[in-house]
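Residues 9 to 206 (the numbering used here) are what the sequence shown spells out, left to right.
For every residue, glycine included, the Cβ atom is placed at its ideal position computed from N, Cα and C.
This one's a predicted model, so the numbers in the text were calculated from it and none came from an experiment.
The structure appears below as structure tokens.
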Amino acid sequence: DLGHGPALMAFWINLYNALIIDAVVHFGIQGSIMSRPGIFRQAAYNVGGMRFSADEIEHGLLRRNIPNPVVHMRTFTTDDPRLSLVVDHLDPRIHFSLVCGARSCPPIAFYDHEHLDQQLDQAAGAFINGGGVDYIAESNTLRLSKIFQWYRADFGGLPAVFELIQRYVIDQEVRNVLASGEFRVRYMEYDWKVNSSV
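Shown next as structure tokens:
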């Protein structure tokens with residue numbers, strides 16, 4: 009029994025990442041992860057006699073059945089037995105640990121329940137400082153990964169996104185701009201080409 013805390017969260021993160029790698033190989037995806045429509049619903053594993061797709065793991069279990077930001081629907085109905093395997097809280101740092109197979113995704117790692125909090129902190133820092141946030145001084149524009157747009161509600165809204173970035177960003181110029189509160193925000197195009205981790 010993994011409970012509903014860090015052990016279960018680490019299990020689902022690791023399973024999701026393994027499932028995506030398996031799906032890319034199984035379906036022979038070489039260009040864009042989006043070249044296979046429905047991959048996140050089709051790619052699935054059987055766990056304890058129940059089917060779990062990538063979408064179900066991400067939106068149903070790790071995001072606690074909050075509506076998918078693309079289709080605006082809950083993953084599981086209220087009587088779905090898989091709801092018993094939902095993690096105990098939504099930690100928005102999961103978005104820096106889930107690797108959907110695209111180049112714009114975070115780097116892949118293995119997550120251990122005993123060190124999960126530190127590992128999620130490391131994942132957040134690596135993503136934010138590794139291209140997930142960029143500042144263009146000429147136009148005073150903070151460019152953010154689409155992840156911050158798609159899952160803004162998970163982070164607690166745009167002001168909370170800025171607070172989270174401030175917590176992890178190393179670039180002093182970005183820190184100063186965030187502290188000033190005077191900047192434009194633009195979201196980067198998401199690169200769906202298959203990344204090197206898969």
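If you keep only unbroken alpha helix (DSSP H) runs of at least 4 residues inside the region 157–186, you get 160–163 and 166–176.
The Cβ atoms of I136 and I173 lie closer than 9 Å to each other. P89 sits exposed, since fewer than 16 C-beta atoms from the chains shown fall within 10 Å of its C-beta.
CA-to-CA, the gap between V33 and V185 works out to about 42 Å.
Taking the CA atoms as reference points, P77 sits about 18 Å from Y24.
The continuous alpha helix (DSSP H) containing Y24 extends over residues P14 to H34. Residue pairing by DSSP places T83 in no beta bridge whatsoever. DSSP, reduced to helix, strand and coil, places A117 outside both helices and strands of the structure shown, so it counts as coil. In the three-state scheme derived from DSSP, where H, G and I count as helix and E and B as strand, S112 is classed as coil. Secondary structure at N76: coil, using DSSP grouped into helix, strand and coil. Partner residues in the beta bridge of I144, as assigned by DSSP, are T149. Going by C-alpha positions, L93 is about 22 Å away from V79.
The Cβ atoms of A110 and A131 do not sit closer than 9 Å to each other.
In summary, H123 is exposed, with fewer than 16 beta-carbon neighbours lying within 10 Å of its beta-carbon over all protein chains present.
Here A187 is exposed. Its C-beta has fewer than 16 other C-beta atoms within 10 Å.
Remark: C-beta atoms of S112 and D199 approach each other more closely than 9 Å. In the structure shown, the three-state DSSP call for R194 is strand.
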